[in-house]
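Enquirer: Chain order of the listed sequences is A and B. For the first sequence, the working numbering begins at 60 and goes up steadily by one. For the second sequence, the working numbering begins at 60 and goes up steadily by one. The beta-carbon is built from N, C-alpha and C at its ideal position, and this holds for glycine as well. No experiment lies behind these values; they were computed from the predicted model shown. What follows is a structure written as structure tokens; I'll ask about it next.
There are 2 protein chains.
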Amino acid sequence: MHQPTKRVIDILEYIVKKGENVRLTDFSRELEMPKSTLLAILKTLCDYKFLVNENGMYSAGTALFSLGAAFTGNFPTLNFVRKQLDDLVGLLGETCYFGVLEEGNVLYLEKADSLHPLRMLITTGRRLPAYSTGIGKALLIDCSEDELKKIYPDGLLPFTKNTITDFKVLASQLECAKNDGYVWEIEESMEHIRCFAVPVRKNSRVVAAVSVAIPVFRFNEEKRDFIIDSVKNVAQKISETIEQTDAHFGNIF
Amino acid sequence: MHQPTKRVIDILEYIVKKGENVRLTDFSRELEMPKSTLLAILKTLCDYKFLVNENGMYSAGTALFSLGAAFTGNFPTLNFVRKQLDDLVGLLGETCYFGVLEEGNVLYLEKADSLHPLRMLITTGRRLPAYSTGIGKALLIDCSEDELKKIYPDGLLPFTKNTITDFKVLASQLECAKNDGYVWEIEESMEHIRCFAVPVRKNSRVVAAVSVAIPVFRFNEEKRDFIIDSVKNVAQKISETIEQTDAHFGNIF
DNA sequence: AAACTGTGTTCGCATATACGAACGAAACGG
DNA sequence: CCGTTTCGTTCGTATATGCGAACACAGTTT
């Protein structure tokens, strides 16, 4: 591990987590780096707009935006995905997500916000353990029990009282889901939220997934079929589009 | 200037420019760094998903997406802006932009694509000299000739035969535009493209701008008033929204 | 007004990093 | 098929970077 590089990474990830108004001392304390060393790195990052220094307060700079935008720009498919998610929200009224699997985690690539004031709070770019989320289970849908154990060598940690922590239970549930063509989840990653998700395939391999997250009190069984059909429909459209591209997305697709 | 940090920056900016399939030797040649040093840095960047290494070919990694998304997430106003631009494209049919001023350059923060197959190619996150673009002139609209000279100490370089290279001409044109409340531009930054732009203000200070870019052959004078009114209307709505927030956007707003 | 907290410098010393050459492997071309 | 080129990797040494302490300065609190 290259220390100077690691430090730059730590600084950047820390500043985007905090967003703004981070002081030199905060960096030093949280990242355990001497202030004199920090100052040299921070100054250079400011020169190139990765950070902004406003009388002692550091904030995330526009270069971070440019990097992310340039990355996204390589994947025009995402524009199509966003429009599909917008349509899906129009139908269902609840927050919808699109994400890919990255080493056992869901990486959220796109979302469309619920029309309701009370809505989910996951932001694009975040990573969450796949086994506990609806969209994540859709991404793992083809995994056997052995494969799951390999992905999560430290076991399945609970996030709520409903989180599945037993590999056998998870594997058998995925087995069923594979037949049904969709996954559901009730308060396994967050209290009061249930979820439906459908995998997106390219050449029959799961490469991404679409999901909708619904507060339990706004759900009722009558809506069930309509929700599942709507999500399946969007996942199918996205699958067809992705089939035609050769985009890798950081070699995830 | 801190060399290791500068190198990380150079590597990241180079990889997003190239997008994918960059070899160790390419980095070494283009960035003038010894291969042995590069290897240590690249390996660390791969560990943290800033890069991906696929049998010798490096590509941009998902961490870049996460950084950019986290940055954007701090500015919910951008979602509103995107919807406004979408509406504007619905009215005008041509590519629309939203951007801010950063040291004499326009930084494009949002865009909505034209419905026509032939359209502008500027992507979000890019920077272009403000004096030559429509949106950029809207951002400079309150500047005097002296202020312009301070921003561009090396003078105004031409990009097309129409680019304004004389400070006096630019300043007097901005003076007129300030009265009209909008800026126009004909093939000053790109051949075959003309542009209308309107500044977005916060507390009466220009903090951003909205523009529409139209291929010259699709423009005719009858549309003029409608275009200008539409852009002004959107800029006004965005102004009102920004007034209510205290977002800085990398201390640009 | 003095004590405290935090930023940004400076400086000498110890050390981790950078460098370039040399090596091995693979791809290319005649 | 073998020489040639290109690429990635390794390694010992030189050097640039990292470190911690001390200091000046500014703002805030006691």
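What residues of chain B sit near residue 73(A), judged by a beta carbon separation below 7 Å?
Expert: Indexing the first sequence from 1 puts residue 73(A) at position 14. In chain order: nothing, as chain B lies at least about 11 Å away.
Enquirer: Skipping 5 residues on each side, what residues in its chain have a beta carbon closer than 8 Å to that of residue 208(A)?
Expert: Looking up residue 208(A) in the first sequence gives position 149. So the qualifying residues of the chain are 226.
Enquirer: Give a yes or no on whether 9 Å exceeds the smallest Cβ distance from residue 60(A) to chain B.
Expert: Residue 60(A) sits at position 1 when you count from the first residue of the first sequence. With 9 Å as the cut-off, residue 60(A) counts as an interface residue toward chain B.
Enquirer: Measuring only between beta-carbons, confirm whether residue 85(B) sits less than 9 Å from chain A.
Expert: As a first step, residue 85(B) is located in the second sequence; it is residue number 26 there, counting from the start. So no, residue 85(B) is outside the interface.
Enquirer: Is any beta-carbon of chain A found at less than 9 Å from that of residue 111(B)?
Expert: For the purposes of this step, residue 111(B) is taken as the residue at position 52 of the second sequence. Yes, its Cβ sits closer than 9 Å to a Cβ of chain A.
Enquirer: Would you decide whether residue 195(B) is buried or exposed? Buried here means 16 or more other CB atoms lie within 10 Å of its CB.
Expert: Walking along the second sequence from the start, residue 195(B) turns up at place 136. Buried.
Enquirer: What residues are listed by DSSP as bridge partners for residue 164(B)?
Expert: As a working note, residue 164(B) is residue 105 in the second sequence. The partner list for residue 164(B) (beta bridge, DSSP) reads 161(B), 188(B).
Enquirer: Looking at the secondary structure, which residues open and close the alpha helix (DSSP H) in which residue 73(A) lies?
Expert: In the first sequence, residue 73(A) corresponds to position 14, counting from 1. Per DSSP, residue 73(A) belongs to the alpha helix (DSSP H) from 62-77.
Enquirer: Just to confirm, are residue 158(A) and residue 248(A) a CB contact at a threshold of 9 Å?
Expert: Your numbering for residue 158(A) matches position 99 in the first sequence. Your numbering for residue 248(A) matches position 189 in the first sequence. No. Outside cutoff.
Enquirer: When the Cα atoms are used, what is the spatial distance from residue 100(A) to residue 151(B)?
Expert: Counting from 1 along the first sequence, the entry for residue 100(A) is found at position 41. Counting from 1 along the second sequence, the entry for residue 151(B) is found at position 92. If you take the alpha carbons of residue 100(A) and residue 151(B), they lie about 46 Å apart.
Enquirer: Taking residue 268(A) as the reference, give the member of 278(A), 163(A), 297(A) with the closest Cα.
Expert: Here the question's residue 268(A) lines up with position 209 in the first sequence. For the residues 278(A), 163(A), 297(A), the minimum Cα distance to residue 268(A) belongs to 297(A).
Enquirer: So that I know if they touch, is there some Cβ in chain A lying closer than 9 Å to that of residue 186(B)?
Expert: The sequence position of residue 186(B) within the second sequence is 127, counting from 1. By this cut-off, residue 186(B) is an interface position.
Enquirer: Looking at the structure shown, is residue 215(A) part of a helix, part of a strand, or coil, going by DSSP?
Expert: For the purposes of this step, residue 215(A) is identified with residue 156 of the first sequence, where counting begins at 1. Coil.
Enquirer: In whole angstroms, what separates the C-alpha of residue 171(A) from that of residue 180(B)?
Expert: Here residue 171(A) is taken as the residue at index 112 of the first sequence, counted from 1. Here residue 180(B) is taken as the residue at index 121 of the second sequence, counted from 1. Distance between the alpha carbons of residue 171(A) and residue 180(B) is about 25 Å.
Enquirer: Any Cβ of chain A within less than 9 Å of the Cβ of residue 100(B)?
Expert: If you number the second sequence from 1, residue 100(B) lands on position 41. By this cut-off, residue 100(B) is an interface position.
Enquirer: So which residues on chain B does residue 218(A) lean against when the C-beta distance must stay under 7 Å?
Expert: Walking along the first sequence from the start, residue 218(A) turns up at place 159. The contacting residues do not exist; residue 218(A) stays about 20 Å from chain B at best.
Enquirer: Measure the Cβ-Cβ separation of residue 126(A) and residue 72(B) and say whether it is below 9 Å.
Expert: Taking the first residue of the first sequence as position 1, residue 126(A) is located at position 67. Taking the first residue of the second sequence as position 1, residue 72(B) is located at position 13. Yes. Within cutoff.
Enquirer: With a 10 Å radius around its C-beta and 16 neighbouring C-beta atoms as the bar for buried, classify residue 289(B) as buried or exposed.
Expert: The sequence position of residue 289(B) within the second sequence is 230, counting from 1. Classification of residue 289(B): buried, given that the 10 Å Cβ count is 16 or more.
Enquirer: Would you call the region 220-238 of chain B in contact with the region 275-286 of chain B, where contact means no fewer than 3 C-beta pairs closer than 8 Å?
Expert: The region 220-238 of chain B vs the region 275-286 of chain B: no contact.
Enquirer: Who does residue 311(A) pair with in a DSSP beta bridge?
Expert: If you number the first sequence from 1, residue 311(A) lands on position 252. Partner(s): none; residue 311(A) has no beta bridge.
Enquirer: Cβ of residue 281(A) less than 9 Å from any chain B Cβ?
Expert: Stepping through the first sequence from its first residue, residue 281(A) is reached at position 222. So no, residue 281(A) is outside the interface.
Enquirer: DSSP three-state label for residue 98(B), please.
Expert: Stepping through the second sequence from its first residue, residue 98(B) is reached at position 39. Helix.
Enquirer: Using 10 angstroms around the beta-carbon of residue 253(A), count the other beta-carbons present and answer buried if the total reaches 16, otherwise exposed.
Expert: For the purposes of this step, residue 253(A) is taken as residue 194 along the first sequence, with counting starting at 1. Under this definition residue 253(A) is a buried residue.
Enquirer: Just to confirm, are residue 63(A) and residue 67(B) a CB contact at a threshold of 9 Å?
Expert: Position 4 of the first sequence, counted from the start, is the residue given in the question as residue 63(A). Position 8 of the second sequence, counted from the start, is the residue given in the question as residue 67(B). Their beta carbons are under 9 Å apart, which means residue 63(A) touches residue 67(B) by this criterion.
Enquirer: Please report the residue range of the alpha helix (DSSP H) in which residue 244(A) lies.
Expert: Indexing the first sequence from 1 puts residue 244(A) at position 185. Residue 244(A) -> not in any alpha helix (DSSP H); beta strand (DSSP E) instead, spanning 242-245.
Enquirer: From residue 135(B) to residue 76(A), what does the alpha carbon distance come to, in whole angstroms?
Expert: Position 76 of the second sequence, counting from 1, holds the residue named residue 135(B). Position 17 of the first sequence, counting from 1, holds the residue named residue 76(A). Their Cα atoms are separated by approximately 16 Å.
Enquirer: Would a check of beta-carbon distances place residue 173(B) closer than 9 Å to chain A?
Expert: Working through the second sequence from its first residue, we reach residue 173(B) at position 114. No, residue 173(B) does not count as interfacial toward chain A.
Enquirer: Assess, as a yes-or-no matter, whether the region 110-127 of chain A is touched by the region 226-238 of chain A under the definition of 3 or more beta carbon pairs within less than 8 Å.
Expert: Short answer: they don't touch.
Enquirer: If distances are taken between C-alpha atoms only, which option among 168(B), 79(B), 91(B), 204(B) comes closest to residue 133(A)?
Expert: Position 74 of the first sequence, counted from the start, is the residue given in the question as residue 133(A). The shortest C-alpha separation from residue 133(A) is found at 79(B).
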